[in-house]
Each structure stands twice: as structure tokens, then as C-alpha cells.
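What follows is a single structure, written as C-alpha cells, with notes after it.
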Amino acid sequence: MEQTNKNGREESTSVVIIGGGLTGLAAAAQLDMSGVPFVLLEKAPRVGGQIQTRHRKGYTYEVGPNTGSVSTPEVVELFDYAAPIARLEEANPTAERRWIWKGDRFHELPSGLMSGLKTPLFSWKDKLGIPLEPTRKKGTDPNETVGALAERRLGKSIVDYAVDPFIGGVYAGDPYQFITRFALPKLYRLEQDYGSFIGGSVRKAAEKKSERDKLATKKVFSAEGGLENLVQGVYRRAKEKGQFVLEAQDIQLTENPDKTWLVTYRNSDGQEHSITAKYVVTTVRGDQLVPMLPDALVDQASSLARFPYAPMIEVVVGFDSLPCVDRNAFGGLVPSREKRKVLGILFPSSCFKGRVPQKDGALFTLFMGGMRDRELFIGKSLDEIKAEGLEELYAMMDIPKEIEPSLVDAVAYSHAIPQYDTTYEQHLNTMTKIMEEHPTLVIAGGMRDGIGMAKRITQGMNVAKEIAQKL
Ligand SMILES: Cc1cc2nc3c(=O)[nH]c(=O)nc-3n(C[C@H](O)[C@H](O)[C@H](O)COP(=O)(O)OP(=O)(O)OC[C@H]3O[C@@H](n4cnc5c(N)ncnc54)[C@H](O)[C@@H]3O)c2cc1C
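See the structure below:
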């Protein structure tokens, strides 16, 4: 790769990646492993995007994503690439216990027949109807929402006290807005391919798996010492051969007649640079993508600037010693009908090592806002929201008032989680059409292929593999 254009020479490379969050980093790692030169342009002074681990007062905590699921082999492969700086940490078995709020306390989500019968979370009608789930008719509406699908197959109380808190707490979304085949395609396929969630899960579990597929353990993961170590592990290795430009501003893309791309940007000193690339991979949000596209594409892509994202506030609270409070679980999720001010509370110190300064210390991560409580942001300061979160934490976890937290931190995201809602098909069609017409432009990131970290890693690596094969 020609390196500089300060002296008028133009740089060229095979791939320009725009955005150094997890998707961009995963793409960079895979390009490196495939021996493909790349330049990654990141607007911020650091890579990692939404992933941010903080170390304060002896606590190690996340203010972005906390945990993912090892749902694909790519998760393990990215950690292998990022070793030894990053080591995948599986949550301890405590993480299998999930709580759901109902009435005045958390109840454990049932995991077996007896606990399923005993749970106060679901109605008797729905509990007794579960064995009949495989006999229910297959849905015919391809745009059926997760809420409607689950209500049809499992019953309303199961939507209210399992599906709704899950979609609300994990995706900050509304189950009656999420389109199943886009938001939870595996669930959609279980019904379409096997006619049943239960029967389909059993048959899928029995299917023969390759050694590589077996890497996808479905376990809950973080990184030892926090997810920032995954970011740093990938970054430090990938930059040995690839080029990373931080604080890259005003990126503009121009398509050349030979279908390569001229990418211009300003560096941190305000100097203009340009790079010619055979492929461009964007990983930024829709509203960030549209302004960098060539004029000829702006009209076609303009609706992507309105791609919906849920707002979210993450409040982190640490106690040096909290022996009296039960937190022996992954965390607790809150159904929307319970009308609390939090979407869920995670207990990271119960699942991962070294997150608190003392053995009986406790760390809680509260999620607030989401599509359920979009108004939360309006007219309130972060400190006011933080105070509301603290009040909820004390009430819901039954923390004695006289015990003061040693750590309270909060971060607000106006565009936290992409929503694969009723507008999604139109957005997907727009992206697909642009990429068909401009095959050297790859629109990646959370607007396609799923929301969580595992999905981002998988997409980033797969996009890079496809490009490497074509080059
Ligand atoms: C509060 C919160 C909690 C979450 N919790 C979880 C969780 O527990 N589990 C889970 O699996 N997922 C979770 N997620 C989702 C997870 O964070 C994302 O799936 C993932 O980190 C997104 O990675 P990305 O690279 O696609 O996007 P981002 O991390 O947003 O990265 C995009 C990058 O592009 C850069 N950029 C933007 N505009 C430009 C521009 N014009 N030029 C150059 N660069 C630009 C940004 O600075 C950023 O670095 C959470 C998200 C949030 C916000």
C-alpha cells in the first residue's frame, strides 16, 4: 500500500472500513487474517465504538454492552485473534438464573417442568397450554411481530412476563413492533421449518454439528478484565499490518468509473487526505452514513437517516460490601406492564471475576429508557435520571437505605439499539438495492444481520471473507 498523500501522492488500498466499533474491528481482523490490505477510518479518538470498559475505585464495569452470547464460531475466532490481550470469559453458572419482576419482587424464570408449573409469572391456561405448542398452526404472515407470534403459540401471559421483558431489556424494543423474521430470524425459522418452537429446538439440537459449529456454545461471554480488552487485542494486532486512522472527520465517498472508491477525509490536524479503495465497508448508523455518500446516492439512501434506534441510559452502581442482598443471578428484567422506571438490572459481579474491589462487593447495571420509555430523555438531566435509577435499584433489590454506594456512573445514548420494527423491510430493501447497484460498497453494521455483539462480530468477519474471496 502506498502510504501517504501529504506530498501529493494518492494512497490506495484494497478495503476502506468506516467505523472502528466491533463490526469494523471484526472486519479488520478478518482482512488481516486473509492478507488483505485495509485502512480503517474512525471518527473518535479511540476504537471500540459502543464498547467501553471503565476502571474506577477498584471496580471494572461496562457502560456499553455488557455480555454477549457465544452464538457463532466467529466470536471464539475473534477472541483467538485478539489473544493474549483478550481472553474470552464465560459467565459462571449463576448466569443461568434469570429473574423477572412481577408485583412487588423478582421471580426466577422457570427452567424446568416443576418450576414451570409453580411459577407465578404465567397464567395456568398458558402453563398448561405449553405441551400443545407443537400442535398449533404455522403462521402465514411473514411480517408477524414477535409479540403476535409468541402470543399465538404460547399465550399472552408468556409474552407479558417472558418475551416482553426480554425484548425490552435486551433490545430496548417492543415485542409488538419487532418483526420476527428480521429481529429473531432463528425463532421465525423454527416455526416455518419445523412447525414448532419446542419441536424445532429439539430437532435442531439433535442435528449433527461440525467441529467449528461446536465452538458456538451459546454461553454468556464477556472478556477477562472487561470488553475493552477485546477491542485492544484486535486493534493492536490488526494495526501491525493494517492502517488505522483515528479522528478521521468529514469522510466523503466518490465512486470512480472503474467502480473503485475515492475516500476523502480530514485527519486530526485538519489536513485533507484521499485514498482509493477497491471496496468500502461502512459500519456506521444510517444518519451517519447518508452524509458521506456521493450525491448520486443521497436521495436513494435518504430514508436510512431515519432508521430507528432506541435511546438508552446505562446507570452503574457499585457497593464495596453488600452481604445482605440476594443477587445470585444474571440479573432481573422488567415487563412493561409493571410500569417501573428500569428495563432491567444486570448483576455483573455475580457472573464475572474481578469486577468489584472486595469479595462481598456488588455491581449493578441498570438499563433505562428504550422504546418503552423514550420520553425519559425529555426535559431531564442525566443526574435526575441517575437519581431515579438509584431509587428504583434500592426499592427493587431491597437495599437498606443506610448503605451508600461507592460508585455511581451513567452514560446516555440517544441512538443505542437499532430497531428491526415495522419500517425495517423498507430499510433493508434500500440497503440491498444500493449494494446490488454498487457491489463494491458494503453497508454493514447494526442496520443489517442482527443486533447483539455476536451478530456484529459474525457480520464483520463474513463481509471481510467475502471481499477477500472476490479480490
Ligand atoms: C447501552 C448499550 C448496551 C448494550 N448492551 C449490549 C449487550 O449487553 N450485549 C450485546 O450483545 N450488545 C449490546 N449492545 C449492542 C452492542 O453495543 C452493539 O451491537 C455493538 O457494539 C455495535 O458495534 P458496531 O461496530 O456495529 O457499532 P458502534 O459500536 O456504534 O461503532 C460504530 C463506530 O463508527 C464510528 N463512526 C460513526 N460515525 C462515523 C463517521 N462519520 N466517520 C467515521 N467513523 C464514524 C463511531 O465512532 C463508532 O466507533 C448495547 C449497546 C448499547 C448502546
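With our numbering applied, the sequence shown covers 894 to 1364.
Ideal Cβ placement from N, Cα and C applies to all residues, glycine included.
Straight-line spacing of the CA atoms in Val1209 and Asp1302 works out to 5 Å. Beta-bridge pairing by DSSP links Ala1303 to Val1208. Judged by DSSP in its simplified three-state form, Met1354 adopts helix. For Ala937, the distance from the CB to the nearest heavy atom of ligand 1 is below 8 Å. Pairing Glu904 with Ile1168 gives a Cβ-Cβ distance under 9 Å. Shortest Cα-Cα distance from Asp1151 to any of Leu1139, Phe1212, Lys1171, Ile944 involves Lys1171. The continuous stretches of alpha helix (DSSP H) do not include Ala1055, and DSSP gives it neither H nor E. Less than 9 Å divides the Cβ of Thr960 from the Cβ of Cys1244.
For Asp1143, the enclosing beta strand (DSSP E) starts and ends at 1142-1148. If you draw a straight line from the Cα of Tyr1287 to the Cα of Arg1233, it comes to about 13 Å. Within the DSSP bridge table, the entry for Ser905 names Thr1169 as partners. Nearest neighbour of Pro930 by Cα position, chosen from Phe1137, Leu1226, Glu1268, turns out to be Phe1137. Secondary-structure assignment with DSSP links Gly1005 through no beta bridge to anything.
The C-beta of Gln1352 has 16 or more other C-beta atoms within 10 Å across all chains shown, which makes the residue buried. Distance between Ile1336 and Ile911, taken at the CA atoms: about 10 Å. The beta carbon of Val1235 sits closer than 7 Å to the beta carbons of Val1227, Leu1259, Phe1260, Met1261, Gly1282, Glu1285 from its chain, once the five residues preceding and following it are set aside; these are given in chain order. Between the beta-carbon of Ser1196 and that of His1331 there is about 17 Å, and that puts the pair past the 8 Å contact cut. A distance below 7 Å between beta-carbons, with the five flanking residues on each side excluded, links Leu1146 to the following residues of its chain, in chain order: Trp1154, Val1156, Val1173, Met1185, Leu1186, Pro1187. Trp992 counts as buried, since no fewer than 16 other beta carbons sit within 10 angstroms of its beta carbon. Per the C-alpha coordinates, the member of Ile1344, Glu1026, Gly957 positioned closest to Leu1047 is Glu1026.
Between Arg1178 and the set Lys1112, Met1340, Val932, the nearest pair of CA atoms involves Met1340. Fewer than three Cβ pairs drawn from the segment 1070-1084 and the segment 910-925 lie within less than 8 Å of each other, which leaves the two stretches out of contact. Around the beta carbon of Trp1017, a 10 Å sphere encloses fewer than 16 other beta carbons of the protein chains shown; the residue is thus reported as exposed. Here the segment 983-998 lies against the segment 1206-1224, with 3 or more beta-carbon pairs under 8 Å apart.
For Phe1075 and Pro1311, the gap between their C-alpha atoms comes out near 12 Å.
Between Thr1038 and Pro1068 a beta carbon distance of about 6 Å is seen, short of the 8 Å cut, so the two are scored as contacting.
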